[in-house]
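Single-structure report; data block below.
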Amino acid sequence: MIIHQVPVTGTDRKVGIVVSRFNELVTRELLAGARSSLIEHGVSDDDITVAWVPGAWEIPAVLRRMARGGRFDALIGLGAVIRGDTAHFDFVAGGAADGSMAVAMEFDIPVVFGVLTTENLEQALERAGMHPNSIPTDNKGWESALTALEMANLFDRLGE
Ligand code: INI
């Protein structure tokens, strides 16, 4: 049996992050969590590229741009779609998810879906690690960074 289980290390990794401004109170915490996590796992701050977009709907198009350039080992989309805010929750959340997956498939690159889809703001704050009792790893941005590094290492291990 051959088992591939790779470490979550980020030395020399280049990571692109697309983060949406909608619900920025939440998304800036996701971004802070992702950045801290990447750095803690060995990624240089200079190797992290961040692009802000208006809303989660816009994330996939910018992920695609980043993927097309071929400069990144992994990409992360960060956003917060809150059902209470919108009648078109399903369209925005579904479009962001489907579009992000399409980029991963088209360009054969790890794309992490770090877009919160919650019923209300409270749930979103909790998943961004903003609850008074939260610890850094409760932040989904932090978790997204770990996923990105593990997937980049796994892609390398598996080769073409
Ligand atoms: N975008 C979000 O990121 N989160 C939301 O909760 C949201 N709501 O509630 O509508 C939202 N809408 C904007 C959308 O992402 C686009 O920016 C907009 O439709 C323009 O294309």
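The opening position of the sequence shown corresponds to residue 576 in this note's numbering, with each subsequent residue numbered one higher. Just so it is clear, CB atoms sit at the ideal spot from N, CA and C, and this is done for glycine as well. Bear in mind that the values here come from a model prediction, so they are computed numbers and not experimental data.
Would you call residue i buried or exposed, if buried means 16 or more other Cβ atoms sit within 10 Å of its Cβ?
i: GLY585; result: buried
i: THR712; result: exposed
i: PRO707; result: exposed
i: ARG610; result: buried
i: ILE651; result: buried
Tell me, to the nearest whole angstrom, how far the beta carbon of residue i is from that of residue j; I am working on the premise that it is less than 8 Å.
i: VAL583; j: ASP648; result: That belief does not hold up - the Cβ atoms of VAL583 and ASP648 are roughly 13 Å apart, past 8 Å.
i: ASN598; j: ALA655; result: 4 Å
i: ASP622; j: ARG588; result: 6 Å
Does the ligand INI have a heavy atom nearer than 8 Å to the CB of residue i?
i: GLU633; result: yes
i: GLY689; result: no
i: SER595; result: yes
i: VAL625; result: no
i: ILE651; result: no
i: GLY654; result: yes
i: ILE657; result: yes
i: GLY669; result: no
* Fully enclosed by the segment 663-726, which beta strand (DSSP E) runs are 3 residues long or longer? -> 686-693
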